[in-house]
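Notes to accompany the following structure.
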Amino acid sequence: MLRAGRLLFIKDLRVLGRSRGLLAILIGYPIVIAVLLAIALSGGDAKPSVAFVNLDAQSGRTVQVGDERLSVDDYANRLGEVVNLVRVDAQQATEALGDGKVSAVLTIPEGFVSDLQTGIRSPVITLQTNPRSPIEAQAIERRLEAMVFRLNQALAGAYVGQVLNLVDLIKNGGNVALFGQTGTLAGLKSSQQTIRDMQRALRAAGKPEEAAKAASLLDFITGVGENLDLAKPAAKAIASPIRLDVKAGAPGREPLSALGIAGALVVGLGLVSVLLSAALLSAEREDGVLSRLGRGLVSPGSIIAQKAVVSAAAALVVGMVLLGVVAVSTSVTVGRWGIWVIALLVAGLAFGAFGLLIGALARETRTALLAGLMISLPLAVVALIPGSDVAYWASAVAGFGPAARVFQQVLVDPEVTTSLWSGIGLLALIAIAYGVIARFVLARRMHT
Amino acid sequence: MRGDALLTARGIARRYGSFEALAPVDLAISRGERIALIGPNGAGKTTLLSILAGVGVASAGSIEWAGGPALAVGWVPQRPALYPRLTARENLRLFAGLESAADPRAVADGLIERADLGKVADRPASALSTGTLQRLNLAIALAGQPALLLLDEPTGTLSPDQRHRLWNWITEMVADGDMALVFSTQSIDEASRSADRIVTLVGGQLRMDGTLDDLIRAAGTDPSGPAAGETAFMALVGDDQ
Numbered sequence: 001m002l003r004a005g006r007l008l009f010i011k012d013l014r015v016l017g018r019s020r021g022l023l024a025i026l027i028g029y030p031i032v033i034a035v036l037l038a039i040a041l042s043g044g045d046a047k048p049s050v051a052f053v054n055l056d057a058q059s060g061r062t063v064q065v066g067d068e069r070l071s072v073d074d075y076a077n078r079l080g081e082v083v084n085l086v087r088v089d090a091q092q093a094t095e096a097l098g099d100g101k102v103s104a105v106l107t108i109p110e111g112f113v114s115d116l117q118t119g120i121r122s123p124v125i126t127l128q129t130n131p132r133s134p135i136e137a138q139a140i141e142r143r144l145e146a147m148v149f150r151l152n153q154a155l156a157g158a159y160v161g162q163v164l165n166l167v168d169l170i171k172n173g174g175n176v177a178l179f180g181q182t183g184t185l186a187g188l189k190s191s192q193q194t195i196r197d198m199q200r201a202l203r204a205a206g207k208p209e210e211a212a213k214a215a216s217l218l219d220f221i222t223g224v225g226e227n228l229d230l231a232k233p234a235a236k237a238i239a240s241p242i243r244l245d246v247k248a249g250a251p252g253r254e255p256l257s258a259l260g261i262a263g264a265l266v267v268g269l270g271l272v273s274v275l276l277s278a279a280l281l282s283a284e285r286e287d288g289v290l291s292r293l294g295r296g297l298v299s300p301g302s303i304i305a306q307k308a309v310v311s312a313a314a315a316l317v318v319g320m321v322l323l324g325v326v327a328v329s330t331s332v333t334v335g336r337w338g339i340w341v342i343a344l345l346v347a348g349l350a351f352g353a354f355g356l357l358i359g360a361l362a363r364e365t366r367t368a369l370l371a372g373l374m375i376s377l378p379l380a381v382v383a384l385i386p387g388s389d390v391a392y393w394a395s396a397v398a399g400f401g402p403a404a405r406v407f408q409q410v411l412v413d414p415e416v417t418t419s420l421w422s423g424i425g426l427l428a429l430i431a432i433a434y435g436v437i438a439r440f441v442l443a444r445r446m447h448t
Numbered sequence: 001m002r003g004d005a006l007l008t009a010r011g012i013a014r015r016y017g018s019f020e021a022l023a024p025v026d027l028a029i030s031r032g033e034r035i036a037l038i039g040p041n042g043a044g045k046t047t048l049l050s051i052l053a054g055v056g057v058a059s060a061g062s063i064e065w066a067g068g069p070a071l072a073v074g075w076v077p078q079r080p081a082l083y084p085r086l087t088a089r090e091n092l093r094l095f096a097g098l099e100s101a102a103d104p105r106a107v108a109d110g111l112i113e114r115a116d117l118g119k120v121a122d123r124p125a126s127a128l129s130t131g132t133l134q135r136l137n138l139a140i141a142l143a144g145q146p147a148l149l150l151l152d153e154p155t156g157t158l159s160p161d162q163r164h165r166l167w168n169w170i171t172e173m174v175a176d177g178d179m180a181l182v183f184s185t186q187s188i189d190e191a192s193r194s195a196d197r198i199v200t201l202v203g204g205q206l207r208m209d210g211t212l213d214d215l216i217r218a219a220g221t222d223p224s225g226p227a228a229g230e231t232a233f234m235a236l237v238g239d240d241q
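Protein chains in written order, with the numbering used here: chain A, 1 to 448; chain B, 1 to 241.
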């Protein structure tokens with residue numbers, strides 16, 4: 001029976017090689033879908049559009065914060081790093097939000113710059129989100145909160161810098177420009193020197209008692225100076241009580257990239273393997289050959305095993321091509337090619353066995369292909385819903401869920417874990433289960 | 001042409017639920033014998049042939065092969081059963097390989113010559129004419145050097161000219177050796193010319209097993225009239241035709 005399986009394997013490769021149209025559809029279509037899906041998933045962090053309404057535009061004022069002069073536009077530009085700001089007036093913003101053209105409206109209030117400048121009260125910017133898109137609204141909220149926090153931190157740092165400059169001014173004296181006021185300040189050191197000069201002058205004038213009275217004033221100035229020295233680190237700590245130190249990780253381990261690549265692989269391999277095995281088996285029936293093979297030339301089990309091997313080989317080739325493209329054209333580290341070979345082959349067997357069941361049930365190749373596509377595509381998409389056990393087990397029906405997890409684990413986990421082997425084992429079980437069912441269905445087809 | 005017994009089928013029957021496709025049939029086949037299964041559509045011809053070929057499953061009955069285990073059977077389904085994208089030569093090599101031929105290439109080359117397929121041997125089967133395709137279909141069945149050749153309406157889709165040439169070729173193929181031949185047909189003329197025994201099936205029941213003369217006698221029609229065989233067959237089949 002091994003010989004028969006080998007002969008049919010060679011025959012299938014030969015037939016596929018001559019069916020270029022079918023081959024192009026079977027291999028090309030899933031790869032195109034997979035690449036598009038990968039692009040879509042990887043582009044999931046694209047900036048959402050937010051309407052930007054500036055009610056403080058007429059003031060045209062800027063605020064000096066430390067060495068920096070900040071306008072509303074500068075502030076907007078910084079917020080624009082996390083969202084795509086669409087500058088409109090209030091009415092246009094309301095309409096755009098209602099039409100779904102923007103995901104939220106960000107409003108800068110009147111007197112924003114003035115409030116920043118005086119520092120008497122905190123200016124309040126308003127974010128109005130679309131209740132029909134709660135998930136997107138949450139994402140925008142989080143992004144803007146993070147950005148406002150960073151800007152607040154920068155502003156706080158600048159304000160503290162200004163306060164420290166003032167401390168220096170009090171200690172050393174000089175010109176002052178604060179909250180719109182200007183003037184000249186004597187400073188503690190200069191005041192101390194002036195008092196000492198006055199003491200010397202009083203002693204020279206024969207008034208030592210009067211000079212001694214100024215000693216307490218000198219002690220006070222020295223004490224104030226020492227305390228102001230302590231104020232510097234305390235002010236810095238207040239400006240940034242907790243600092244976040246962000247370090248870039250190793251390239252290619254980003255969860256979103258892993259999800260995109262795993263998604264591309266699941267869709268690509270899933271469709272190739274399911275459609276190929278379904279088409280190959282149903283073609284045997286359509287060509288009328290099953291009755292000839294069923295005379296005992298080949299057992300149903302051998303036919304199923306042989307077709308499953310073809311689909312696993314196709315999965316390996318398609319998977320390696322996709323991973324090769326990822327490795328060459330992106331900075332993502334694919335790594336561990338040995339594990340990939342095992343994962344792709346076992347996933348190919350599971351998908352292939354599922355396709356064989358469809359092929360055994362269908363009367364015609366066209367029906368098998370259509371049924372394979374209609375069943376596989378939604379299951380592959382459901383498998384890509386992250387963090388949902390229901391989606392995982394629903395798509396596990398045809399091996400898509402476990403395959404997606406296995407592929408993500410190979411991409412993300414630096415170690416080969418027990419969980420990874422469990423996933424591969426589950427795929428093998430799925431392959432065996434569908435293979436056995438398909439074998440019985442085929443046996444009934446062969447012996448009517 | 002009758003030789004030693006080849007197989008004996010006893011009480012072969014096939015039911016699909018409550019529908020009886022084939023009532024219990026007894027049939028003995030000898031080496032070198034040529035048997036025509038004749039009957040209208042739905043008579044049970046294909047069902048009986050497929051059970052004898054080992055493709056169909058009998059609901060009841062048994063098949064006993066003379067001298068022990070089943071011998072090689074050549075099965076020619078009504079529709080060509082081959083791979084249209086493979087060439088005639090590749091199809092023959094593949095099936096010779098599946099039939100466990102020691103040298104599939106030599107078997108294929110021999111069949112190409114015997115079936116006069118030399119000129120089209122390297123063309124895809126899908127590009128062959130209906131008559132040539134049926135010849136290839138038959139040649140594939142011979143790849144396992146069968147003791148029994150079963151043909152399901154082999155000329156059903158052919159023109160009269162193609163039928164004539166195909167039967168000449170079949171006769172040539174089975175002339176040597178003691179291969180038995182069982183074929184189904186709806187033509188009494190084809191049956192009387194190519195078989196030495198006619199088995200008539202009607203509505204899944206064996207109505208008559210014998211020669212053409214036996215059939216005419218059983219029908220009770222005029223043996224000397226024009227198209228006596230056809231008339232007798234029509235009378236035997238009655239409303240089932």
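Cβ atoms here follow ideal geometry from the backbone N, Cα and C, with glycine treated the same way.
From a predicted model like this one, the values you see are computed outputs, not experimental measurements.
What residues of chain B sit near V318(A), judged by a beta carbon separation below 8 Å? What V318(A) touches in chain B: nothing, since even the nearest Cβ is about 22 Å away.
Is G39(B) helix, strand or coil when you go by DSSP? coil
Report the rounded CA-to-CA distance for N449(A) versus V105(A), giving the unit in angstroms. Given that chain A is displayed from residue 1 to residue 448, the structure contains no residue 449(A) and the question cannot be resolved.
DSSP bridge partner residues for Y242(B) (one or two, in chain order): This structure cannot settle anything about residue 242(B), because the visible part of chain B is limited to 1 through 241.
Whether or not the segment 126–137 of chain B and the segment 105–118 of chain B are in contact is what I'm after, with contact meaning three or more pairs of Cβ atoms, one per stretch, closer than 8 Å; do they touch? yes
Determine the closest residue to N165(A) out of A235(A), S122(A), V113(A), with distance taken between C-alpha atoms. A235(A)
Output the distance between the C-alpha atoms of R10(B) and I63(B), rounded to the nearest integer angstrom. 6 Å
Could you compute how far the alpha carbon of P402(A) sits from the alpha carbon of Y159(A)? 54 Å
Hey, R87(A) and F52(A): beta-carbon distance below 8 Å or not? Closer than 8 Å, so yes.
Find the residues of chain B that neighbour A353(A), judging by a C-beta separation of less than 7 Å, and give them in chain order. Under the 7 Å cutoff, chain B gives no residues; its nearest Cβ is about 23 Å from A353(A).
Is L275(A) closer than 8 Å to L357(A) when the C-beta atoms are compared? no
Given a limit of 7 Å on CB to CB distance, which residues of the segment 274–306 of chain A reach chain B? D287, G288, V289, S291, R292, G294, R295, G296, L297, V298
By how many angstroms is the C-alpha of V346(A) removed from the C-alpha of V73(B)? 39 Å
Just the C-alpha distance for V102(A) and V266(A), rounded to the nearest angstrom, thanks. 33 Å
Report yes if the CB atom of L82(B) is closer than 8 Å to the CB atom of L111(B), and no otherwise. no
Beta-carbon gap between L212(B) and G238(B) smaller than 8 Å: Taking 8 Å as the Cβ cut-off, L212(B) and G238(B) do not qualify as a contacting pair.
Reference N172(A); option with closest CA among L155(A), Q153(A), T194(A): T194(A)
Distance between V382(A) and W167(B) (C-alpha atoms, nearest Å): Take the alpha-carbon of W167(B) and the one of V382(A): they are about 59 Å apart.
Do you know how far the Cα of L155(A) is from the Cα of R69(A)? 11 Å
Relative to the C-alpha of G352(A), which candidate in L202(A), I430(A), E145(A) has its C-alpha closest? I430(A)
Run of the beta strand (DSSP E) containing T417(A), from where it starts to where it stops: Here T417(A) belongs to no beta strand (DSSP E), and DSSP marks it neither H nor E.
Are any of the Cβ atoms in chain B nearer than 8 Å to that of T365(A)? no
Selection of the segment 15–35 of chain A by Cβ proximity to chain B, strictly under 8 Å: Cβ contacts with chain B come from V15, R18, S19.
By DSSP's criteria, T8(B) is part of a beta bridge. Which residues make up the other side? When DSSP reads this structure, T8(B) sits in a beta bridge with A28(B), E64(B).
Is there a C-beta anywhere in chain B that falls below 8 Å from the one on K11(A)? yes
Assuming Q408(A) contacts F9(A) under a Cβ cut-off of 8 Å, what Cβ separation, rounded to an integer in Å, is found between them? Contact flag wrong, Cβ pair sits at about 32 Å.
How many whole angstroms separate the CB atoms of A195(B) and I29(B), which I take to be in contact at a CB cut-off of 8 Å? That belief does not hold up - the Cβ atoms of A195(B) and I29(B) are roughly 12 Å apart, past 8 Å.
Can you confirm whether W75(B), when its beta carbon is compared against all beta carbons of chain A, has any partner nearer than 8 Å? yes
If distances are taken between C-alpha atoms only, which option among L86(B), V107(B), A191(B) comes closest to A96(B)? V107(B)
Would you be able to state if there are at least three C-beta pairs under 8 Å between the segment 417–435 of chain A and the segment 386–400 of chain A? yes
With distances taken Cα to Cα, identify the nearest neighbour of L148(B) among E20(B), L22(B), R14(B), S50(B). S50(B)
Who are the Cβ neighbours of T450(A) in its own chain at under 6 Å, not counting the five residues just before and after it? Absent from the model: residue 450(A). The displayed extent of chain A is 1 to 448, so no value can be given.
Is it true that the CB of L79(A) sits closer than 8 Å to the CB of L144(A)? yes
Rounded to the nearest angstrom, what separates D89(A) and A264(A) at their Cα positions? 42 Å
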